[in-house]
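K.L.:
One structure follows; several queries about it will come next.
There are 2 protein chains.
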Amino acid sequence: MSDRKTQFDKALLGLRSLVMSGEFAGSARLPEVALSERLGLSRTPLRQAMDHLVAEGLLERIETGGCRVARFTLDDINDAIELRGVIEGTAVRLAAERGADPTALAEVERVLDRIDAALTQPDHIDFDAYISENASFHRLLAHLSGSQLMQREADRVSRLPLASPSAFLREQELIPDFSASLLRAQHQHRAIVEAIRAREGARAEHLAREHARLARRNLDYLANAGPGVATRVPGLSLLSAE
Amino acid sequence: MSDRKTQFDKALLGLRSLVMSGEFAGSARLPEVALSERLGLSRTPLRQAMDHLVAEGLLERIETGGCRVARFTLDDINDAIELRGVIEGTAVRLAAERGADPTALAEVERVLDRIDAALTQPDHIDFDAYISENASFHRLLAHLSGSQLMQREADRVSRLPLASPSAFLREQELIPDFSASLLRAQHQHRAIVEAIRAREGARAEHLAREHARLARRNLDYLANAGPGVATRVPGLSLLSAE
DNA sequence: TGACAGAAATCTGTATACAATCTACGTAAT
DNA sequence: ATTACGTAGATTGTATACAGATTTCTGTCA
Numbered sequence: 355m356s357d358r359k360t361q362f363d364k365a366l367l368g369l370r371s372l373v374m375s376g377e378f379a380g381s382a383r384l385p386e387v388a389l390s391e392r393l394g395l396s397r398t399p400l401r402q403a404m405d406h407l408v409a410e411g412l413l414e415r416i417e418t419g420g421c422r423v424a425r426f427t428l429d430d431i432n433d434a435i436e437l438r439g440v441i442e443g444t445a446v447r448l449a450a451e452r453g454a455d456p457t458a459l460a461e462v463e464r465v466l467d468r469i470d471a472a473l474t475q476p477d478h479i480d481f482d483a484y485i486s487e488n489a490s491f492h493r494l495l496a497h498l499s500g501s502q503l504m505q506r507e508a509d510r511v512s513r514l515p516l517a518s519p520s521a522f523l524r525e526q527e528l529i530p531d532f533s534a535s536l537l538r539a540q541h542q543h544r545a546i547v548e549a550i551r552a553r554e555g556a557r558a559e560h561l562a563r564e565h566a567r568l569a570r571r572n573l574d575y576l577a578n579a580g581p582g583v584a585t586r587v588p589g590l591s592l593l594s595a596e
Numbered sequence: 355m356s357d358r359k360t361q362f363d364k365a366l367l368g369l370r371s372l373v374m375s376g377e378f379a380g381s382a383r384l385p386e387v388a389l390s391e392r393l394g395l396s397r398t399p400l401r402q403a404m405d406h407l408v409a410e411g412l413l414e415r416i417e418t419g420g421c422r423v424a425r426f427t428l429d430d431i432n433d434a435i436e437l438r439g440v441i442e443g444t445a446v447r448l449a450a451e452r453g454a455d456p457t458a459l460a461e462v463e464r465v466l467d468r469i470d471a472a473l474t475q476p477d478h479i480d481f482d483a484y485i486s487e488n489a490s491f492h493r494l495l496a497h498l499s500g501s502q503l504m505q506r507e508a509d510r511v512s513r514l515p516l517a518s519p520s521a522f523l524r525e526q527e528l529i530p531d532f533s534a535s536l537l538r539a540q541h542q543h544r545a546i547v548e549a550i551r552a553r554e555g556a557r558a559e560h561l562a563r564e565h566a567r568l569a570r571r572n573l574d575y576l577a578n579a580g581p582g583v584a585t586r587v588p589g590l591s592l593l594s595a596e
């Protein structure tokens, strides 16, 4: 079965969340024995997980051996978001150019309907639903290209630290005009799908790029919102002062 | 020292070249013990290397355990080349928009001069020099953006199977009009740098995308050139019939 | 007091041992 | 003949042991 939890999976999830929590955010080396004991497994799967996170960019190798938590500037994260926009943009352009599978398109629109439902309840936006459906939308979007590679790379770039489409969605109460921004985002969602249907590749690409920029606004705001916020947004503590 | 050859490095290089040679191209599982003995190391660094090649896309995991050599369609490789064009295009666009470091720009132009020198000798094109300088050019190009992330990702996408800027350069004698194509490529190189200097981001981006398309032409030709060629071009034997 | 050398302790990279799982083959039943 | 099943062998995932390198600590000397 593919959903069998292996020790490596445990190590990966556990280590990632430990790192994102900021507990090891200094530039010290990650101690393998201590971590493996803490996670309840041996060094072998832990080191596997460390390799994986180095590839993801969350950790960086130390010349003399071992890893440390990587540090990011605001520019780094903005670049990562930009790159996500570019790759998602390419996926939707290819979907438009090559023609998307109607079944997949229909499924995307069902997701968009559910997002509408989450947003249009007056006085009560269902944030949890939005977050989960938004993630689905972005996953399905890459799928529309019909290219396994695009799907994989879009997925990958979303895992870059703080570049995910959902990175800042949990911080509703911290960001001003947040629900207005969600409505704008959903409008862009619709426009992207419309462009794909109309085989307007360039338009779809530009829309996807612009869509990613919404995350930059939120990031910039949170980064300047003072130190108290850093501890509440997972991963934000990895931001170095420049 | 960072140039200390570790067992993992040996495993990575050895395994990659074994896989690219096509010897294991069937869909059978890669036997770890046999491979580790053959490469003269233990299973630990070998498995590390396998993880790395899975992330690179050269191997794929098997549900029930272990890895096999991934198989590619022509479409897969064309997508990889397209993606390389997109990412290199983004890097040069950012370089143009943000302004490239003059020192780095000067170095890029020195490389271009050396490519000219390799190409303009009548009756004798220095292919080896071209290959090496071309690789330098592409590496430096990503560097111009000033973004570490772009550099890393451009590097990464060049390692996708058969998507590297140099993937088909060694097959000069197999491809018709090859030297003409090299001249065209160099013309595009110059234009890209010119666009960066002029801060013409969109132009730089489009040029880089178009530049990547040159590789697609070569790929399409080699893929249809019959079975004899597959054994001569490293990695081409991984192409599945569709 | 500060710098430096050397030794002790710690830690990583690698090899190997082990257990759970998968694969393959052979046997039996339909 | 073909399918189901069970067992034996092989193979992976994981833990642990070990050696070399690195960091840290301590004591000495300037």
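For the record, the sequence lines run as chains A and B. To convert, take the position in the first sequence, counting from 1, and add 354; that gives our numbering. To convert, take the position in the second sequence, counting from 1, and add 354; that gives our numbering. Don't be surprised by glycine CBs; every beta carbon is placed ideally from N, CA and C.
(1) Tell me which same chain residues have a C-beta within less than 6 Å of the C-beta of A517/A, skipping the five on either side of it?
(2) Identify every residue that forms a DSSP beta bridge with E386/B.
(3) Looking only at its own chain, which residues have a Cβ that is under 6 Å from the Cβ of A449/B, when we skip the five neighbours before and after it?
(4) Any Cβ of chain A within less than 8 Å of the Cβ of M504/B?
(5) Spell out whether any CB of chain A is found under 8 Å from the CB atom of E304/B.
(6) Give a yes or no on whether 8 Å exceeds the smallest Cβ distance from D574/A to chain B.
(7) For G589/B and H543/B, what's the separation of their Cα atoms in angstroms?
(8) Give the residues of chain A in contact with A361/B, contact being defined as C-beta atoms less than 8 Å apart.
(9) First and last residue of the alpha helix (DSSP H) that includes R684/B?
(10) Check for me: the alpha helix (DSSP H) holding L459/A runs from which residue to which?
(11) Per DSSP, which one or two residues make a beta bridge with L495/B?
(12) Strictly below 8 Å CB to CB, what residues from chain A border T474/B?
(13) For T477/A and chain B, any beta-carbon pair shorter than 8 Å?
(14) Would you verify that the beta carbon of A434/A is, or is not, closer than 8 Å to some beta carbon of chain B?
(15) In the DSSP assignment, what residue or residues form a beta bridge with F426/A?
(16) I want to see whether chain B comes within less than 8 Å of D482/A, judged by CB atoms only; does it?
(17) Given this structure, state the Cα-to-Cα distance separating V511/A from D477/B, to the nearest angstrom.
(18) When DSSP labels each residue in this structure, what does E417/A get in the three-state scheme?
(19) Could you tell me the boundaries of the alpha helix (DSSP H) in which A552/A lies?
(20) So, do the stretch 403-417 of chain A and the stretch 526-541 of chain A have three or more beta carbon pairs nearer to each other than 8 Å?
(21) At least one CB of chain B closer than 8 Å to the CB of V373/A: is that the case?
(22) For a test of the three-state rule: what should DSSP assign to D531/A, helix, strand or coil?
(23) Are the C-beta of Q402/A and some C-beta of chain B separated by less than 8 Å?
(24) Nearest-angstrom Cα distance between D429/A and L389/A?
(25) Does the beta-carbon distance from R425/A to S591/A come in below 8 Å?
(26) Just verifying my parser: in three-state terms, what is the DSSP assignment at I435/B?
(27) For a contact meaning CB atoms closer than 8 Å, what does A409/B contact in chain A?
(28) What do you reckon, are the CB atoms on F362/A and P385/A nearer than 8 Å?
(29) Am I right that E525/A and V587/A are in contact with their C-beta atoms under 8 Å? What's the rounded C-beta distance?
(30) Less than 8 Å between C-beta atoms, sequence neighbours within five positions excluded: which residues of the same chain meet that for T585/A?
(31) From S520/B, V446/B, F481/B, D405/B, pick the residue whose C-alpha is nearest to that of L369/B; which is it?
(32) For a quick check, are the C-beta atoms of A545/A and R447/A less than 8 Å apart?
(33) For the alpha helix (DSSP H) holding P519/B, just list the boundary residues, first then last.
(34) Rounded to the nearest angstrom, what separates L514/A and R571/A at their Cα positions?
(35) Is there a C-beta anywhere in chain A that falls below 8 Å from the one on L592/B?
(36) Going by alpha carbons, who is nearest to A552/A out of S520/A, P456/A, R493/A?
P.N.:
On the basis of the supplied data:
(1) Apart from the 5 residues on each side of it in sequence, A517/A sits with its Cβ closer than 6 Å to the Cβ of A434, I435, R438 in its chain, given in chain order.
(2) Bridge pairing for E386/B: absent [DSSP].
(3) Excluding sequence neighbours, A449/B sits near L498, S499, I550.
(4) Taking Cβ atoms only, chain A reaches closer than 8 Å to M504/B, which makes this a yes.
(5) Summary: the structure shown does not reach residue 304/B, with chain B confined to residues 355 through 596, and so no result is reported for it.
(6) False, the Cβ-Cβ gap to chain B never drops below 8 Å.
(7) When rounded, the distance between both Cα atoms is 26 Å.
(8) The sequence shown places Gln at residue 361/B, rather than the Ala named in the question. For Q361/B, there are no C-beta contacts with chain A under 8 Å, since the nearest C-beta of that chain is about 13 Å from it.
(9) With chain B represented from 355 up to 596, any question about residue 684/B goes unanswered, as that position is not in the structure.
(10) Per DSSP, L459/A belongs to the alpha helix (DSSP H) from 456-474.
(11) The partner list for L495/B (beta bridge, DSSP) is empty, contrary to what the question assumes.
(12) Going along chain A, no residue has its Cβ under 8 Å from T474/B, so there is no contact; the nearest lies around 36 Å.
(13) Sequence check: residue 477/A is Asp here, not Thr. So, not an interface residue.
(14) Put simply, the CB of A434/A is near chain B, with a gap under 8 Å to one of its CB atoms.
(15) Answer is L593/A, bridged to F426/A.
(16) D482/A does not count as touching chain B.
(17) In this model, V511/A and D477/B are separated by some 46 Å (Cα to Cα).
(18) The answer is coil: DSSP assigns E417/A none of H, G, I, E or B.
(19) For A552/A, there is no enclosing alpha helix (DSSP H), as DSSP marks it with neither H nor E.
(20) The stretch 403-417 of chain A is not in contact with the stretch 526-541 of chain A.
(21) No - not a single Cβ of chain B is within 8 Å of the one on V373/A.
(22) Under the three-state reduction of DSSP output, D531/A falls in the coil class, being neither helix nor strand.
(23) With a threshold of 8 Å between beta carbons, Q402/A makes contact with chain B.
(24) Taking the straight line from one Cα to the other gives about 30 Å.
(25) With respect to S591/A, R425/A sits apart: the two C-beta atoms are not nearer than 8 Å.
(26) When DSSP states are grouped into helix, strand and coil, I435/B belongs to the helix group.
(27) Those within 8 Å of A409/B in chain A are H406, A409.
(28) The answer is no: Cβ separation not under 8 Å.
(29) Their Cβ separation, rounded to whole angstroms, is 6 Å, which keeps E525/A and V587/A in contact under 8 Å.
(30) For T585/A, where only same-chain residues beyond five positions count, the Cβ hits under 8 Å are G376, S591.
(31) Nearest option by C-alpha distance: D405/B.
(32) No.
(33) Per DSSP, P519/B lies in no alpha helix (DSSP H) and is assigned neither H nor E.
(34) Take the alpha-carbon of L514/A and the one of R571/A: they are about 18 Å apart.
(35) Interface with chain A (8 Å Cβ-Cβ cutoff): L592/B is excluded.
(36) Of S520/A, P456/A, R493/A, the residue nearest in Cα terms is P456/A.
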